[in-house]
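If you're matching them up, the sequences are chains A and B in order.
The working numbering applies: residue 1190 is where the first sequence begins, and numbers increase by one.
The working numbering applies: residue 1190 is where the second sequence begins, and numbers increase by one.
Where a beta carbon is used, it is the ideal one built from N, C-alpha and C, also for glycine.
Quick caveat, the model's predicted, so the values are computed rather than measured.
The structure under discussion appears below in the form of structure tokens.
Number of protein chains: 2
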Amino acid sequence: MGGEEPTQGLPRKERERLAHRREIAEAAERVFARNGYRGSTVEQIAQEAEFAVGTLYNFFQSKEELYEEVLASLIEQALALFGERVLGEEDPVKAVEAVIELRVALLDEHKGFARVVFQTPLAEHGDASLALPPRALALIGEAQTAFTQVLERGIAAGVFVDIGAADLAACLQGILNAFVAQWLIHEPQEPLAERVARLRKTILSLILRKKS
Amino acid sequence: MGGEEPTQGLPRKERERLAHRREIAEAAERVFARNGYRGSTVEQIAQEAEFAVGTLYNFFQSKEELYEEVLASLIEQALALFGERVLGEEDPVKAVEAVIELRVALLDEHKGFARVVFQTPLAEHGDASLALPPRALALIGEAQTAFTQVLERGIAAGVFVDIGAADLAACLQGILNAFVAQWLIHEPQEPLAERVARLRKTILSLILRKKS
DNA sequence: GCATATAATGAACATAGATTCACAGACTGA
DNA sequence: TCAGTCTGTGAATCTATGTTCATTATATGC
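So this is what it looks like as structure tokens:
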């Protein structure tokens, strides 16, 4: 599931280096997700990665670079999946269902960090997130407008409630965030599949235009 | 609008002390709202308040206490208004409209900090917010359940779409957050009143049960 | 097995920022 | 005007944490 690089045929040294790099990044992701950027210390990350502090600096210039790398890679992964599973969908209703599944899956895989991904890249309370890399911002923007167009089609076809497409997108985001946030607070015992089903039912009840 | 204490008839010394205390708290609110807890320095706050660093410590034990005070007071204010304007409302639809207005008003008055208030007290990305004072948490919990009951009535009466009341509450929260977040990113030129109107229309389109 | 290159290490260093405290100024009552 | 008290001050202190680098360990090629 994670973004395995094409490790193929590289010199073994190179492969190991990349593997270590990734291990560090993944450890960092876990720590950042727990404590946020400023709340996390390089030592914590080193410990989680089972390397010495100095070693991290053989792979990354600074704590900040490490954070940006983690964030950027996460966003790219997520957006790739988004393009594939959501934007690739013809039927607007299926597209919405796909968004829901994707979001929940990401939450499940990346726990805390997922919050950042499809959440509007608002500087969370100012400090938690540093600036997103500009490229990532651009990609997010594109994805959002593309999705809005999908919703537009749904509205035009009369399947979705006719509030503006942009507002509809915002509402969907918000609802997803709200549920995800809840699940982050008290881990539900309900298995993933059921959560998705319930969420889908809820959301569709709201946004589908009822037959008169 | 703010939580003016009953300054009445106290010895002047006392009144001045309280005034200073409040000035500091208000300055802190602005700085915290801009930079988050860890992102803000005591010196910044001192500067904003136009006092020396040491002076702050004559009024508050620590940076942390200062933060908690700001947060707690904000929450109390907000919840008082919530009880009055929302829970006091008979008609469930009017109650929802009141929530919308309140939320937008709070945003307008407290800019960044408002995000924290009615947002489920999820440790925002882990570090931004310290633990809320337990009393505040309890109050928030009460307000939420009370509001859920209002929605319940609306569902029972057949005016709201019949997803569970708790889920409906979550959706409302989410949608409000989404719009507020948008407005925090790019300040809309639209005046407050219009924003409220548009938001109300959008939300009601979603949650009102359509006549068949 | 040795010499060299590469990677890992963690103690030492530098800095930022929270907290303290000895001092200065302002006010009070006589 | 003066002693006494209270308030405000900001330089000095202490601590936490990001970053560096001399040293040690490991791997590679001969």
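Item, Value
"Could you name the residues of the segment 1359–1372 of chain B whose beta carbon sits closer than 8 Å to any beta carbon of chain A, in the order they occur along the chain?", "ALA1359, CYS1360, GLN1362, GLY1363, ILE1364, LEU1365, ASN1366, ALA1367, PHE1368, ALA1370, GLN1371"
"When you compare only the Cα positions, how much space is there between GLU1258/A and GLY1272/A?", "21 Å"
"To the nearest angstrom, how far is the alpha carbon of VAL1369/A from that of PRO1323/A?", "26 Å"
"Verify whether the separation of the beta carbon atoms of PHE1349/A and LEU1397/A is less than 8 Å.", "yes"
"Report the option in PHE1336/B, ASN1366/B, PHE1249/B whose CA atom is closest to the CA atom of GLY1353/B.", "PHE1336/B"
"Using DSSP with H/G/I as helix, E/B as strand and the rest coil, what is LEU1199/B?", "coil"
"Alpha carbon to alpha carbon, how far is GLN1338/B from GLY1330/B?", "13 Å"
"Tell me whether PHE1240/B sits in a helix, a strand or coil according to DSSP, three-state version.", "coil"
"Going by C-alpha distance, which of LYS1399/A, LEU1260/A, LYS1283/A, GLU1298/A is nearest LEU1373/A?", "GLU1298/A"
"Check whether chain A comes within 8 Å of LEU1328/B, counting only Cβ atoms and requiring the distance to be less than that.", "no"
"Keeping to the same chain, check which residues put their C-beta closer than 7 Å to that of LEU1270/B; ignore five residues upstream and five downstream.", "LEU1291"
"How about GLY1225/A and ILE1364/B: are their beta carbons less than 8 Å apart?", "no"
"Taking 8 Å as the threshold (beta carbon to beta carbon), is THR1334/A in contact with chain B?", "no"
"For ALA1386/B, report the span of its alpha helix (DSSP H) as first-last.", "1381–1396"
"Please identify the residue among VAL1293/B, LYS1283/B, THR1391/B whose C-alpha is closest to the C-alpha of PRO1380/B.", "VAL1293/B"
"Use the C-beta contact count for ASP1351/B: other C-beta atoms within 10 angstroms, 16 or more gives buried, fewer gives exposed.", "exposed"
"Counting only the same chain and skipping the five closest in sequence on each side, list residues whose C-beta sits under 6 Å from that of GLU1341/A.", "ALA1354"
"Of the choices GLN1378/A, TYR1246/A, CYS1360/A, whose alpha-carbon is the least far from that of GLN1371/B?", "CYS1360/A"
"Look up PHE1349/A in the DSSP assignment and give the residues it is bridged to.", "LEU1397/A"
"By a C-beta neighbour count over all protein chains shown, 10 Å radius and 16 as the cutoff for buried, is ALA1235/A buried or exposed?", "buried"
"Kindly list, in the order they appear in chain A, the residues whose Cβ is closer than 7 Å to that of LYS1283/B.", "Result: empty, since nearest Cβ-Cβ is about 20 Å, beyond 7 Å."
"In or out: LEU1134/A buried (at least 16 other Cβ within 10 Å) or exposed?", "There is simply no residue 1134/A to check, as chain A begins at 1190 and stops at 1401 in what is shown."
"Let me check understanding here. Comparing Cα to Cα, which of GLN1333/A, ALA1382/A, ALA1345/A lies closest to TRP1358/A?", "Note that residue 1358/A is Ala in the sequence shown here, rather than Trp. With distances taken between Cα atoms, ALA1358/A lies closest to GLN1333/A."
"Between the alpha carbons of THR1244/A and ARG1206/A, how many angstroms are there, rounded?", "12 Å"
"For SER1229/A, is the classification buried or exposed, using 16 other Cβ atoms within 10 angstroms of its Cβ as the cut-off for buried?", "buried"
"What separation, rounded to the nearest whole angstrom, lies between the Cα atoms of GLU1203/B and GLU1286/B?", "41 Å"
"Leaving out the 5 sequence neighbours to the left and right, which residues in its chain are closer than 6 Å to PHE1249/A when beta-carbon positions are compared?", "LEU1255"
"According to the neighbour-count rule (16 or more other Cβ atoms, all chains shown, within 10 Å of its Cβ), is LEU1328/A buried or exposed?", "buried"
"Below 8 Å on C-beta distance, what does VAL1350/A contact in chain B?", "SER1394, LEU1395"
"Just verifying my parser: in three-state terms, what is the DSSP assignment at PHE1271/B?", "helix"
"At which residues does the alpha helix (DSSP H) containing HIS1299/B begin and terminate?", "1281–1299"
"To be precise: take each residue of the segment 1204–1229 of chain B, compare its Cβ to all Cβ atoms of chain A, and keep it if any distance is under 9 Å. Which residues remain?", "PHE1221, ALA1222, ARG1223, ASN1224, GLY1225, TYR1226, ARG1227, GLY1228, SER1229"
"By the 10 Å Cβ neighbour count, where 16 or more other Cβ atoms means buried, how is ALA1325/A classified, buried or exposed?", "buried"
"If we call anything under 8 Å between Cβ atoms a contact, is VAL1288/B one with GLY1343/B?", "no"
"Would you report the Cα separation of GLU1239/B and GLU1218/B, rounded to the nearest angstrom?", "14 Å"
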